[in-house]
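Numbering (the numbering used here), first residue to last: 45 to 185.
For each residue, glycine too, the CB sits at the ideal point set by N, CA and C.
Beneath this line is the structure, given in structure tokens, with notes to follow.
Structure below.
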């Protein structure tokens, strides 16, 4: 059965919500390239899964709620909200505000080929994330 890009993206979101690294591995091409704010570029499935493992360890209640999924052929654009409570420090950025709850709006552009994710570019307001984690001041209204 051939799955379209929207179905594959929803399966990806389900795997994220289940914190299922094995399912995420199956959904990624071994040579996947991914980019995120504050992370830079990851090349290869092991590098991308290392990001997810760190996310799941830092935010054990991490969840993703899709609000929009648009497709054109094998390309997917999605908007979603990420929620989670920081339970462990994030060494890469120095976040240590244990117990801090985040709500982050994000979007991703993906390319799928032969049922696997081959490229991903994720965008979010990195200032807002660092502010929520107590690492930057709140901007006065």
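What residue does the beta strand (DSSP E) around residue i start on, and which one ends it?
i           : result
residue 77  : 72-80
residue 125 : 119-129
residue 148 : 145-157
residue 113 : 107-116
Straight-line CA distance for residue i to residue j?
i           : j           : result
residue 46  : residue 138 : Low confidence applies to residue 46: its pLDDT is 47, below 50, so where it sits in the model is not reliable, and the reading given next is rough at best. Roughly 43 Å separates the two Cα atoms.
residue 190 : residue 79  : In the structure displayed, the chain extends from 45 to 185; residue 190 sits before or after that span and is not available.
residue 143 : residue 76  : 33 Å
residue 16  : residue 93  : Residue numbering for the chain in the displayed model covers 45 to 185; residue 16 lies beyond these limits and cannot be assessed.
residue 179 : residue 166 : 21 Å
residue 130 : residue 86  : 23 Å
residue 66  : residue 107 : 17 Å
residue 103 : residue 177 : 12 Å
residue 153 : residue 48  : 15 Å
Taking the alpha carbon of residue i as the point to measure from, which residue in the options has its own alpha carbon closest?
i           : options            : result
residue 71  : 81, 82, 50         : 50
residue 105 : 174, 152, 118, 146 : 146
residue 128 : 55, 56, 135, 61    : 61
residue 88  : 182, 181, 160      : 160
Answer yes or no: does any C-beta atom of chain C fall closer than 7 Å to that of residue i?
i          : result
residue 87 : Judged by its chain identifiers, the structure shown contains no chain C, having just a single protein chain.
Write down the C-beta distance between residue i and residue j rounded to the nearest angstrom, noting that I regard them as a contact closer than 8 Å.
i           : j           : result
residue 90  : residue 162 : Not a contact, Cβ separation roughly 15 Å.
residue 148 : residue 120 : At roughly 19 Å, the Cβ-Cβ gap does not stay under 8 Å, so residue 148 and residue 120 are not in contact.
residue 95  : residue 83  : 6 Å
residue 53  : residue 113 : 6 Å
residue 157 : residue 118 : 6 Å
residue 111 : residue 123 : 5 Å
Go to residue i, then tell me how far its alpha helix (DSSP H) extends in each direction, as first and last residue.
i           : result
residue 52  : 49-62
residue 89  : 89-102
residue 170 : 170-176
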